[in-house]
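The structure under discussion appears below in the form of structure tokens.
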Amino acid sequence: MTSSSPQRRALVVQNNFSPFGTKLIKGGYVNSDQMKQALVESRREGRPLTKVIETMTGKPLPPEMIRHYKQQQLFELKVLYGVESLDPELDEQSETQVADLINTLIPLKVCRQHRMLPLAKQDTTPPSVLVAMVDPEDLGAQDELNRILRPQQLVAHRLVIAPEDYESMINAYLDQQQQQKAQETASQGYDDENYDDYDEDDEEEGDYPDDNEPVVVDIGSDLADLDDLDIGEADADDFEGADLSSAMKEAAGAPIVNLANKVLIKALQMGVSDIHIEPQEKSLRIRFRKDGMLQQAFPPFPKKIIPAIVSRFKIMADLDIAERRLPQDGRIRRVFKRKKVDFRVNTLPSRYGEKICMRLLNSSSTQLGLDKLISDEETLALCRDMSSRPYGLILVVGPTGSGKSTSLYSMLAERNAPNVNISTAEDPIEYTLPGITQVQVIREKGMDFASILRAFMRQDPDIILVGETRDKETAKTAIEAALTGHLVLTTLHANDAPSAIARLDEMGVEPFMVSASLIGVSAQRLMRKVCSECRIPYTPTPDELARFGLSASHEMDVTFYKAKTTNAQEAKAKGEALCNTCRGGGYKGRAGVYEVMRMTEALQAAINEGATTDRIKEIAVEGGMKTLLAYSLDLVRQGYTTFEEVERVTFTDTGLEAELKAKRKTSLTCKNCGAGLQQEWMDCPYCLTSRF
5 MTSSSPQRRA LVVQNNFSPF GTKLIKGGYV NSDQMKQALV ESRREGRPLT KVIETMTGKP
65 LPPEMIRHYK QQQLFELKVL YGVESLDPEL DEQSETQVAD LINTLIPLKV CRQHRMLPLA
125 KQDTTPPSVL VAMVDPEDLG AQDELNRILR PQQLVAHRLV IAPEDYESMI NAYLDQQQQQ
185 KAQETASQGY DDENYDDYDE DDEEEGDYPD DNEPVVVDIG SDLADLDDLD IGEADADDFE
245 GADLSSAMKE AAGAPIVNLA NKVLIKALQM GVSDIHIEPQ EKSLRIRFRK DGMLQQAFPP
305 FPKKIIPAIV SRFKIMADLD IAERRLPQDG RIRRVFKRKK VDFRVNTLPS RYGEKICMRL
365 LNSSSTQLGL DKLISDEETL ALCRDMSSRP YGLILVVGPT GSGKSTSLYS MLAERNAPNV
425 NISTAEDPIE YTLPGITQVQ VIREKGMDFA SILRAFMRQD PDIILVGETR DKETAKTAIE
485 AALTGHLVLT TLHANDAPSA IARLDEMGVE PFMVSASLIG VSAQRLMRKV CSECRIPYTP
545 TPDELARFGL SASHEMDVTF YKAKTTNAQE AKAKGEALCN TCRGGGYKGR AGVYEVMRMT
605 EALQAAINEG ATTDRIKEIA VEGGMKTLLA YSLDLVRQGY TTFEEVERVT FTDTGLEAEL
665 KAKRKTSLTC KNCGAGLQQE WMDCPYCLTS RF
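All the letters of the sequence shown, read from the start, carry residue numbers 5 to 696 under the working numbering.
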């Protein structure tokens, strides 16, 4: 009796689950505790139980188990609502018949509002319409059906359908309608009221539009370049089995699927950093951010495809397509031309639908190394000296998309060696470096930056990277690690290097802890580089130079450049050829702009005294810090960029004031005798000669 009681208790535990749950436990896919947790998460998040289990275990369930779950789900729905259930895999429905009924009998708006689909007309007495409903007991839906069908002498014969099957069938209808629209448009052409003529050769040559240059794309046509987006056998395990190549073959004639893949392909071909899918009042807008600037990527699409294209991207990112009221985060993993690419996906409910923003994380196309990022030799030496320290805190600050993570990983790449233990906490993991331990933040499980950082302290680390410091707990834990013999690298959102001190103070970190642990702060921006093939040399006026604190007499031997921007349509009308490098944009690629503030005794004293950001900046500049403005002006002098880019990215009144103060302090020498002056006197006190 005693020996058999554990087995009997286990059997009782299993019998508390559904047949599907019991089968999973007996098959060894999950244990009892995991099953209980999966059931709770499935109910709380509204996700299918199979998806929750696959996420929890990290292993896909076999098709027969997923099919078994589907059968149990339909059986439960049938018992719950007392009507027959619809299984699209067994009871195939005519897409044409469904589309005809939506177009002529039950409008799409009603179908989406009440989550139902008309399937077929039946020769019964009286005549009836077979309607699949997610909630057959919805009284509002029943009233709406009666209102529509009664004048036609029809009645509704209800079936229950699983939510995911409903979404799949309604998306198939939307795909079919969009394909028909694309074919009709292609056969009729575009008039002046909609779009200008589009030359497909332009896109093949890389002639991409800007905001004022709409382009027509036939999304229903064959997309031959999609073969480039493939998952090789060697990468299938690493990329969760997402095979777009086979998916494209299965989705032949599905324009929404093709459009979603076309968006990803074009973004990768153009080398953009972000994709914006933006529902508007009367259309859907898709824009790309390239070299820091947003530009129109496709023509406006019809408003009716918004739900379908949003659902498609959410499915690709493994998000909950039924949740439309809360923001969600996900990830799409693919291989492009045999290089691994991640798309970080975020959805945001907006007035006209869910907006999707995707950040491209193409780690394979990024070359790590401080010398590949920093062009100024003095700044490069300063950064390398900071990162070579055995312990302390290094902050990298700047806005989103300014290349902070790339700079941090470049520091790690130069320190990565067999005798150094490096651990990173990231959200998400953007780069992969061999030989280091990388940990993904999972807030749902309680694994935030602070908790991971505390765990690192028990892992004997030498160097720790914290993806982002955004709260007091993370900041204090990072500083404590820096004070106990570890080199800690992290990012912070601040405008420039001196303002990082105020940002930490705002978080509640004591000034003495900051001054004792901080090695230095590196602020950075990314600035577009002027195209070297079509740039235009010119001589700026003295007023233009003075605006940036420059003197015409000191810049006489410098060649300045302007960008040559050319509108593609205007150039085509005039028969002019676009620049082969920048395609008329005037800029190609980006360069980093850096401001490195190394901790000194004067800065430590100022921080401990609670000095203002302006005072800290003044002390740093006096100590030789090159500001963001000074660095960017050096890039202008070297011909890398233009004054227009400086004004767009780094030019501020405070930055100019700091530069002018520094120049006044370093240039107070008598032109006659060369004596150093301590104040801005009109006459030299040594030889009594006017300085001007």
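Even glycine gets a Cβ: it sits at the ideal position worked out from N, Cα and C. Computed from a predicted model, the values in this text were never measured in an experiment.
| Item | Value |
| --- | --- |
| Contacts around G512, its chain only, beta-carbon distance under 6 angstroms, and the 5 residues preceding and following it disregarded | K476 |
| Residue burial classification, M629 (beta-carbon count within 10 angstroms, cutoff 16) | buried |
| Cα-Cα separation between N175 and N350, rounded to whole angstroms | 21 angstroms |
| Terminal residues of the beta strand (DSSP E) in which P135 lies | As written in the sequence, residue 135 is Val, which differs from the Pro given in the question. Counting along the chain, the beta strand (DSSP E) containing V135 begins and ends at 132-137. |
| Buried/exposed call for E537, threshold 16 Cβ in 10 Å | exposed |
| Length at least 4, wholly inside the stretch 619-647: the alpha helix (DSSP H) runs in chain order | 632-641 |
| Residue(s) in a DSSP beta bridge with P353 | E358 |
| Extent of the continuous beta strand (DSSP E) run through F340 | 332-340 |
| Three CB pairs or more closer than 8 angstroms across the stretch 337-352 and the stretch 551-561 | no |
| Segment contact, 8 angstroms Cβ cut-off, at least three pairs: the stretch 306-319 with the stretch 270-285 | yes |
| Own chain, CB closer than 8 angstroms to R51, minus 5 neighbours either side, in chain order | E45, D324 |
| With 16 other Cβ atoms within 10 Å as the buried cut-off, status of Q181 | buried |
| Exposed unless 16 or more other CB atoms sit within 10 angstroms - verdict on R594 | buried |
| Under the three-state DSSP convention, the category M461 falls into | coil |
| I540 vs K568 beta-carbon contact at 7 angstroms | yes |
| V159 and S132 closer than 7 angstroms at C-beta | yes |
| Rounded straight-line distance, which links the Cα of C535 to that of T585 | 7 angstroms |
| Which residues DSSP lists as bridging H161, in chain order | L134 |
| Same chain, Cβ closer than 6 angstroms to T3, neighbours up to 5 away in sequence not counted | Given that the chain is displayed from residue 5 to residue 696, the structure contains no residue 3 and the question cannot be resolved. |
| Straight-line gap, I467 to V525 (C-alpha atoms, nearest Å) | 17 angstroms |
| Check whether S406 and R529 have beta carbons under 7 angstroms apart | yes |
| Nearest-angstrom Cα separation, counted from G275 out to T545 | 36 angstroms |
| Assumed close pair S521, L384 - CB separation to whole angstroms, cut-off 8 angstroms | Between L384 and S521 the Cβ distance is about 24 angstroms, and since that is not below 8 angstroms, they are no contact. |
| Supposed contact pair I313 and I281 - C-beta distance, whole angstroms, cut 8 angstroms | 7 angstroms |
| Neighbour-count burial assignment, L457, 16 or more Cβ in a 10 Å radius | buried |
| Identity of the residue in D452, T645, I620, E599 nearest G590 by Cα | T645 |
| Beta-bridge partners of I279, as assigned by DSSP | F292, M362 |
| Same chain, Cβ closer than 6 angstroms to A255, neighbours up to 5 away in sequence not counted | Only weak support is given to the placement of A255: the predicted model assigns it a pLDDT of 44, under 50, and the value that follows is read from those uncertain coordinates. So the list reads V261, once near-sequence residues are dropped. |
| First and last residue of the uninterrupted alpha helix (DSSP H) at V314 | 310-320 |
| Alpha-carbon spacing of D375 relative to E382, whole angstroms | 11 angstroms |
| In DSSP terms, what L399 is bridged to | T494, V525 |
| Reference S455, options N107, T473, P438, closest by Cα | T473 |
| 8 angstroms Cβ shell around R507 - same chain, five flanking residues per side excluded | V401, L496, H497, A498 |
| Presumed contact (8 angstroms Cβ cut-off) between M60 and Q38, rounded CB distance | 6 angstroms |
| Terminal residues of the beta strand (DSSP E) in which P541 lies | 540-542 |
| Check whether A527 and E430 have beta carbons under 7 angstroms apart | no |
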